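The sequence shown begins at 0 in numbering that gives the first Met the number 0 and counts up by one.
What follows is one structure encoded as structure tokens, with my remarks underneath.
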Amino acid sequence: MSPEDRLPWYGPDMSGPSFVTGRLMETWAHSQDVFDALRI
0 MSPEDRLPWY GPDMSGPSFV TGRLMETWAH SQDVFDALRI
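And the structure:
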């Protein structure tokens, strides 16, 4: 996959680097939700 390839997403298609960045951000955000819920 080249950086110029587009991936389908909810809304506009995303480039590969943007897709990976978005998934990493979601992982951190949801992990923070779990930590907050468990009061860790």
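The beta carbon of each residue, even a glycine, is placed where N, CA and C say it ideally should be.
Note that this is a predicted model, so its numbers are computed, not measured.
Taking D35 as part of the alpha helix (DSSP H), name the residues at either end of that continuous run.
-> In the sequence shown, the residue the question calls residue 35 occupies position 36. In the DSSP annotation of this structure, the continuous segment of the alpha helix (DSSP H) that includes D35 starts and ends at 15–37.
Compute the beta-carbon to beta-carbon distance between P2 and G10, rounded to the nearest angstrom, for a pair I have assumed lies under 8 Å.
-> Position 3 of the sequence shown, counting from 1, holds the residue named residue 2. Position 11 of the sequence shown, counting from 1, holds the residue named residue 10. Not a contact, Cβ separation roughly 19 Å.
Sub-8 Å separation of R22 and D12 beta-carbons = Here residue 22 refers to the residue found at position 23 of the sequence shown. Here residue 12 refers to the residue found at position 13 of the sequence shown. No, the Cβ-Cβ distance between R22 and D12 is not below 8 Å.
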